[in-house]
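Visitor:
Residue numbers (our numbering): 1 to 158.
(1) Would you decide whether residue 119 is buried or exposed? Buried here means 16 or more other CB atoms lie within 10 Å of its CB.
(2) From this set, 49, 54, 38 and 51, which residue's C-alpha is nearest residue 65's C-alpha?
(3) Have a look at residue 113 and residue 31 and give me their C-alpha separation to the nearest angstrom.
(4) Taking just the CA atoms, how far does residue 50 sit from residue 148?
(5) Between residue 158 and residue 82, what straight-line distance do the alpha-carbon atoms span, to the nearest angstrom?
(6) Which same chain residues, not among the five before or five after residue 72, have their C-beta less than 6 angstroms away from its C-beta?
(7) Starting from the N-terminal side, write out each stretch of the beta strand (DSSP E) that is 3 residues or longer and does not extend beyond the region 108-147.
(8) Helix, strand or coil, according to DSSP, for residue 26 in the structure here?
(9) Quick check on residue 194: buried or exposed, where buried means 16 or more other Cβ atoms within 10 Å of its Cβ?
(10) Is residue 60 buried or exposed, if buried means 16 or more other CB atoms sit within 10 Å of its CB?
(11) Secondary structure at residue 154, three-state DSSP: helix, strand or coil?
Here it is as structure tokens:
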């Protein structure tokens with residue numbers, strides 16, 4: 001069940017709380033290849049299954065930054081943002097990749113709303129604590145604290 005966020009105060013009131021845990025997502029070779037094309041990084045550990053079969057992983061692995069980039073998609077399981085007229089990725093305070101994600105593995109997101117700072121009547125800076133779990137893994141794929149800014153407008157603004 002996702003949390004509905006319709007105005008800045010909805011975020012401010014939830015600061016310090018968990019947003020929950022999302023659904024499992026299978027990381028496919030097609031996704032990894034698409035990411036490789038988009039970034040121009042075609043390292044064989046990511047894109048060449050034959051090469052990767054001779055590595056300690058035994059298969060291709062996703063890019064660490066690719067897993068982090070999935071945050072926006074995986075957050076859709078946890079919250080529904082309404083009346084957001086603009087949003088910006090403001091940066092990251094911390095990012096670590098403790099374990100690789102082999103292609104075919106499933107990941108899911110655990111998220112917490114660490115902070116929500118109002119930036120005027122219609123905007124809020126949001127700091128999220130994220131942990132990307134690998135199904136059956138003993139370490140997460142990624143642990144990060146990221147920051148977004150959201151601008152709200154619309155009928156639920158007040």
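Ideal Cβ positions, reconstructed from N, Cα and C, are used throughout, including at glycine.
Guide: Short version:
(1) Residue 119 is exposed by the Cβ-count criterion.
(2) 38
(3) 28 angstroms
(4) 39 angstroms
(5) Any reading at residue 158 must be qualified, since the residue scores a pLDDT of 44, below 50, and its modelled position is unreliable; the value itself is stated next. Straight-line Cα distance between these residues: approximately 13 angstroms.
(6) Nothing listed; no residue qualifies.
(7) 123-134
(8) strand
(9) With the chain covering only 1 through 158, there is no way to say anything about residue 194.
(10) Looking at its Cβ environment, which holds 16 or more other Cβ atoms inside 10 Å, residue 60 is buried.
(11) coil
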